[in-house]
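Chemist: Questions regarding the structure given below will be posed in turn.
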Amino acid sequence: MGQSTKAQEVYEILLNQTTHENNKTPIYHQLGWIKYNQGEYHEALTYYERSLAIYEKTLPSNHLNLANTYNNIGMVYDSMGNYPKALSSYEKALAIKQQSLPSNDPSLGGSYNNIGVVYVEMSDYPKALSYYEMGLAIQQQSLPSNHPDLSGSYNNIGMVYYSMGDYPKALSSYEKSLAIRQQSLPSSHPDLAMTYNNIGMVYDQMGDYPKALSYYEKALAIRQQSLPSNHPDLGASYNNIGVVYEKLGNYSKAHSFNERAVRNGQQSLPTNHPTLQKRRRNLENIQTKL
């Protein structure tokens, strides 16, 4: 029996023994969190909404427990892909925090970031950028300059600029993220690999293939150290390196890396997954050039 299943049983017993409604809210919260982590989003939502209903009756409208509950409901809707409802819940959480917290409180930064994520998922990049930058401004006031949360914000901003096709600004943001991660993380940390990979993608789009290759190879070296051989991120690295070698006209190396990307995809992805199908087509295409 898993730890979360045991915890769930304990909380369900506590819930049955609790008669006063107000005392049920923390139990509903814990059960909601367990269900969320199990991927049972509808059940998680039910528990969070029960908690919210009690809070709405018993707490002032600007109480932070309400904000935290709206935030959790937003997370569930986001995971379910219901972005309008996620946005609405996150905005309610933010409105309460803006009333109840100092303007540079890190929790406000978290809310701005959550809203930014939803706007990215909705492909509204200018709005995403605006919220990410508000979150970053708070972090810059309230955290040390090498704090990992700052690197995450720079990375998110870089991803938005990349999606908007503004590659110089994407590169600048990713390099800020990388500088912090190099200071604050072990040299084999997967987040470092992700940042190297992201910088490689920018150079790739800018047509600077030797630099793209250099960063993709740094990402791959870390992933080979820190991930199991069938991890999808390794497949992505093999694929990216193969694509650059093809652009450089080195078809034998392109073939070798694309073969590895396909093998990895066969281990880590469903057989009909679009990524795997695309890798197979790439491999067939390169075989005609050898």
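For the sequence shown, the residue numbers in UniProt numbering are 1 to 290.
Glycine residues also receive a C-beta, built at the ideal position from the N, C-alpha and C atoms.
Does the Cβ-Cβ distance between I199 and E217 come in under 8 angstroms?
Modeler: no
Chemist: For V117, which residues from the same chain have a beta carbon less than 8 angstroms from its beta carbon, with the 5 sequence-adjacent residues on both sides left out?
Modeler: D78, A128 and N156
Chemist: Would you give the residue range spanned by the alpha helix (DSSP H) that P274 belongs to?
Modeler: P274 to Q287
Chemist: Hey, out of T288, I286 and V262, whose CA is closest to L276's CA?
Modeler: V262
Chemist: Would you kindly check if the distance between the Cβ of N146 and the Cβ of residue 303 is under 8 angstroms?
Modeler: The question about residue 303 has no answer, for the chain in this structure spans 1 to 290.
Chemist: Please report the straight-line C-alpha distance between N82 and S89, rounded to a whole angstrom.
Modeler: 11 angstroms
Chemist: In three-state terms, what does DSSP make of M1?
Modeler: Unreliable placement is indicated for M1, whose pLDDT of 47 sits below 50; the coordinate value is still reported in the next sentence. In the structure shown, M1 sits in coil (DSSP, three-state: anything other than H, G, I, E or B).
Chemist: Run through DSSP, which three-state label would D208 get?
Modeler: DSSP places D208 in the coil class of the three-state scheme, outside both helix and strand.
Chemist: So which of D191, S103 and K289 has the shortest CA-CA distance to residue 292?
Modeler: Nothing in the structure corresponds to residue 292, since the chain is present only between 1 and 290.
Chemist: My output table needs one value for P186: the three-state DSSP class, helix, strand or coil.
Modeler: coil
Chemist: Closer than 8 angstroms is the cut-off here; do at least three beta carbon pairs connect the stretch 265-276 with the stretch 213-232?
Modeler: yes
Chemist: Could you give the distance in angstroms between the alpha-carbon of L94 and the alpha-carbon of L171?
Modeler: 30 angstroms
Chemist: Measuring alpha carbon to alpha carbon, tell me which of S214, L101 and Q38 ends up nearest N65.
Modeler: L101
Chemist: In this structure, how does DSSP classify P270 when only helix, strand and coil are distinguished?
Modeler: DSSP, read as helix, strand or coil, puts P270 in coil.
Chemist: In whole angstroms, what separates the C-alpha of N282 from that of N71?
Modeler: 42 angstroms
Chemist: Going by DSSP, what residue range makes up the alpha helix (DSSP H) through P232?
Modeler: P232 to K247
Chemist: Leaving aside the five residues before and after L213 along the sequence, list all residues of the same chain whose C-beta is less than 7 angstroms from its C-beta, in chain order.
Modeler: Closer than 7 angstroms at Cβ, skipping near neighbours: I241 and V244.
Chemist: Count the other CB atoms within 10 Å of the CB of I138; is the residue buried (16 or more) or exposed (fewer)?
Modeler: The residue in question, I138, is buried, as its Cβ has 16 or more Cβ neighbours within 10 Å.
Chemist: Assign L136 to one of two classes, buried (16 or more other C-beta atoms within 10 Å of its C-beta) or exposed (fewer than that).
Modeler: buried
Chemist: Go ahead and pull the three-state DSSP assignment for M122.
Modeler: It is coil, neither helix nor strand.
Chemist: Decide if the stretch 10-19 is in contact with the stretch 40-56; the criterion is three or more beta carbon pairs, one per stretch, under 8 angstroms apart.
Modeler: no
Chemist: On the criterion of 16 or more Cβ atoms from any shown chain inside 10 Å, does L290 qualify as buried, or is it exposed?
Modeler: exposed
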